[in-house]
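Everything on this sheet refers to the single structure shown next.
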Amino acid sequence: MEIYTPKTKIKLSPVIRNGREFVEVTFGNDNDIRLSLSKEENVLLVGGRAYLPAEDFVLAEFFDRYVKMAFIDYSAIKETAPRKEEDKRPPLPEGYLEKLQQVRYSDHTVRVYTSYFRDFQQHFEGRKIETVTPGEINDYLLYLIHEKNISSCQQNQRINAIKFYYEKVLGQERRCYKVNRAKREKTLPDVLSKEEIKKILDATVTDLRFFCMFSILYSAGLRISELLELKPGDINESRSLIRVRQGKGKKDRYTLLSKPLMKKLTEYNRLYKPKVWLFEHRPGEPFTESIVSKRLKAAAREAGITKRIYPHLLRHSFAT
Numbered sequence: 163m164e165i166y167t168p169k170t171k172i173k174l175s176p177v178i179r180n181g182r183e184f185v186e187v188t189f190g191n192d193n194d195i196r197l198s199l200s201k202e203e204n205v206l207l208v209g210g211r212a213y214l215p216a217e218d219f220v221l222a223e224f225f226d227r228y229v230k231m232a233f234i235d236y237s238a239i240k241e242t243a244p245r246k247e248e249d250k251r252p253p254l255p256e257g258y259l260e261k262l263q264q265v266r267y268s269d270h271t272v273r274v275y276t277s278y279f280r281d282f283q284q285h286f287e288g289r290k291i292e293t294v295t296p297g298e299i300n301d302y303l304l305y306l307i308h309e310k311n312i313s314s315c316q317q318n319q320r321i322n323a324i325k326f327y328y329e330k331v332l333g334q335e336r337r338c339y340k341v342n343r344a345k346r347e348k349t350l351p352d353v354l355s356k357e358e359i360k361k362i363l364d365a366t367v368t369d370l371r372f373f374c375m376f377s378i379l380y381s382a383g384l385r386i387s388e389l390l391e392l393k394p395g396d397i398n399e400s401r402s403l404i405r406v407r408q409g410k411g412k413k414d415r416y417t418l419l420s421k422p423l424m425k426k427l428t429e430y431n432r433l434y435k436p437k438v439w440l441f442e443h444r445p446g447e448p449f450t451e452s453i454v455s456k457r458l459k460a461a462a463r464e465a466g467i468t469k470r471i472y473p474h475l476l477r478h479s480f481a482t
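Everything in the sequence shown is counted per this note's numbering, starting at 163 for the first residue and increasing by one.
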């Protein structure tokens, strides 16, 4: 039996351009590969080379997308895989993480609060954080709004992360800040048509992981944080149900899965054999919202959809 071997070769190399780390993709003059690379997010194409930001590059996903198009030489990436940048932010104050866990906030909320509060600590580095005044906190929030252009959603999350420390951990009185909590404009959310949903799913049908994730977001109406916190035991195959742990209101709920999706999930479990999380980026490590969002945007581009695409849009589309 003849074994097909791709004639084109892709070589991956770590490079630095203008002080930033990139993965250089050398692919010659193959037009099909060039077209596929042009759809990658934040790609820079120069002749027979493409440059992808190293912080967003996931070797396993790149390999899955291009292995049928070319032989991929990734030896340089494996040998010189960049280490994660050391987190130089101050450690959390005593009791902060423990209190978050005690009140049973979701894993997603814990990650958001702890990250934003460490940003807050870093801003006031050298100070005892309990001595920071409400006026100084107000100035910090204004700095984030005007200098960092944070979204209204992030503004509220950062305020909550700060208030949690002073009010819940230290037990101080409720604090109010002069910065008005941002309110989202009351506009109807964009939705995707059934035809657009089908095109997105068709664009991911070769990657069972993302096909199942996008299908669950749409057909079961889950939030992205709920999807990423699913565990293998949350799928009830006999009843075609999925258990959503600690959704809004802190109560588990069940939602029905269609038979075709249940069949795909069964196939997914057989192929990938997840251990800790239902959808694992690496063994024992869940996918991140960033990875799921980028793959969804890539699928939408491939499907020719020009709307602004984000995971929660699938939930909006389910609700309508």
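Built from N, CA and C at the ideal position, the CB exists for glycine as well.
**Request:** Count the other CB atoms, across all protein chains shown, that sit within 10 Å of the CB of I178; report buried if there are 16 or more and exposed otherwise.
**Result:** Within the sequence shown, numbered from 1, the residue matching residue 178 stands at position 16. With fewer than 16 Cβ atoms within 10 Å of its Cβ, I178 is classed as exposed.
**Asked** Within 10 angstroms of its Cβ, does V185 collect 16 or more other Cβ (buried), or is it exposed?
**Response** On the sequence shown, position 23 is the one that residue 185 refers to. Buried, by the Cβ-count rule.
**Request:** Determine the direct distance from the alpha carbon of H285 to that of G210, and round the result to whole angstroms.
**Result:** Translated into positions along the sequence shown, residue 210 becomes position 48. Translated into positions along the sequence shown, residue 285 becomes position 123. Taking the straight line from one Cα to the other gives about 44 Å.
**Item:** With 16 other Cβ atoms within 10 Å as the buried cut-off, status of F233
**Value:** Sequence index remark: in the sequence shown, residue 233 carries index 71 (1-based). With fewer than 16 Cβ atoms within 10 Å of its Cβ, F233 is classed as exposed.
**Message:** Pairs of beta-carbons, one from the stretch 289–305 and one from the stretch 268–276, closer than 8 Å: are there three or more?
**Reply:** no
**Asked** Of the choices W439, R280, H478, whose alpha-carbon is the least far from that of K356?
**Response** Start at 1 with the first residue of the sequence shown, and residue 356 comes out as number 194. Nearest C-alpha to K356: H478.
**Item:** Segment contact, 8 Å Cβ cut-off, at least three pairs: the stretch 457–464 with the stretch 382–394
**Value:** no
**Prompt:** Of the residues V454, R405, E442, I362, which one's Cα is nearest the Cα of K469?
**Reply:** Start at 1 with the first residue of the sequence shown, and residue 469 comes out as number 307. It is I362.
**Asked** Can you list, in chain order, the stretches of the alpha helix (DSSP H) that have 4 or more residues and sit fully within the stretch 413–474?
**Response** 421–434, 451–464
**Prompt:** Name the DSSP bridge partner or partners of S175?
**Reply:** Against the sequence shown, residue 175 aligns to sequence position 13. DSSP, once it has assigned bridges, lists E186 as partnering S175.
**Prompt:** Hey, quick one: how far does the beta strand (DSSP E) through L221 stretch, first residue to last?
**Reply:** Mapped onto the sequence shown, residue 221 falls at position 59. First-last for L221: 221–228, but that is the alpha helix (DSSP H), not the beta strand (DSSP E).
**Asked** Nearest to Q316 by CA position, among G288, D235, D281, V367, is which residue?
**Response** Here residue 316 refers to the residue found at position 154 of the sequence shown. Comparing Cα positions, the closest option is D281.
**Request:** Consult DSSP for V272 and reduce its assignment to one of helix, strand or coil.
**Result:** By one-based count along the sequence shown, residue 272 stands at place 110. In the structure shown, V272 adopts helical secondary structure according to DSSP, grouped into three states.
**Message:** Let me confirm a value: P422 is counted as buried when at least 16 other C-beta atoms fall within 10 Å, else exposed. Which label applies?
**Reply:** Sequence index remark: in the sequence shown, residue 422 carries index 260 (1-based). P422 comes out exposed.
**Request:** Tell whether a beta-carbon distance below 8 Å holds between L370 and K426.
**Result:** Within the sequence shown, numbered from 1, the residue matching residue 370 stands at position 208. Within the sequence shown, numbered from 1, the residue matching residue 426 stands at position 264. It is a contact, given that the beta carbons lie within the stated cut-off.
**Request:** Could you give the DSSP three-state label for E247: helix, strand or coil?
**Result:** Mapped onto the sequence shown, residue 247 falls at position 85. Low local confidence applies: a pLDDT of 46 at E247 is under 50, so the model's placement there is unreliable, with the coordinate-based value given in what follows. Residue state, collapsed to three classes: coil.
**Item:** P296, DSSP secondary structure in three states
**Value:** On the sequence shown, residue 296 is found 134 positions in, with the first residue counted as 1. Three-state DSSP puts P296 in a helix.
**Nearest-angstrom Cα separation, counted from G466 out to K250** = Residue numbering aside, residue 250 sits at position 88 when the sequence shown is read from its first letter. Residue numbering aside, residue 466 sits at position 304 when the sequence shown is read from its first letter. One C-alpha to the other measures close to 41 Å.
**Item:** Span of the beta strand (DSSP E), counted from its first residue to its last, around I321
**Value:** For this step, residue 321 is matched to residue 159 along the sequence shown. Annotation for I321: no beta strand (DSSP E) segment contains it, though the alpha helix (DSSP H) segment containing it runs 314–325.
**Request:** Taking only the alpha-carbon atoms, compute the straight-line gap between Q263 and R182 and give it to the nearest angstrom.
**Result:** The residue labelled residue 263 in the question sits at position 101 within the sequence shown. The residue labelled residue 182 in the question sits at position 20 within the sequence shown. Taking the straight line joining both Cα atoms gives about 37 Å.
**Request:** Determine the DSSP secondary structure at P215, reduced to helix, strand or coil.
**Result:** Position 53 of the sequence shown holds residue 215. If DSSP states are grouped into helix, strand and coil, P215 belongs with the strands.
**Request:** Work out the CA separation of Y236 and L306 for me, nearest whole Å.
**Result:** Taking the first residue of the sequence shown as position 1, residue 306 is located at position 144. Taking the first residue of the sequence shown as position 1, residue 236 is located at position 74. Cα to Cα, L306 sits roughly 40 Å from Y236.
**Item:** Residue closest to Y416, alpha-carbon to alpha-carbon, out of P253, E388, A222, L433
**Value:** Counting from 1 along the sequence shown, the entry for residue 416 is found at position 254. Taking only the C-alpha atoms, the option nearest Y416 is E388.
**Prompt:** Could you give the distance in angstroms between the alpha-carbon of F326 and the alpha-carbon of L433?
**Reply:** Within the sequence shown, numbered from 1, the residue matching residue 326 stands at position 164. Within the sequence shown, numbered from 1, the residue matching residue 433 stands at position 271. Their Cα atoms are separated by approximately 42 Å.
**Request:** Name the residue from N311, I312, Y328 whose alpha carbon lies nearest to the alpha carbon of Q283.
**Result:** Taking the sequence shown and counting its residues from 1, the one referred to as residue 283 is at position 121. For Q283, the nearest C-alpha among the options comes from Y328.
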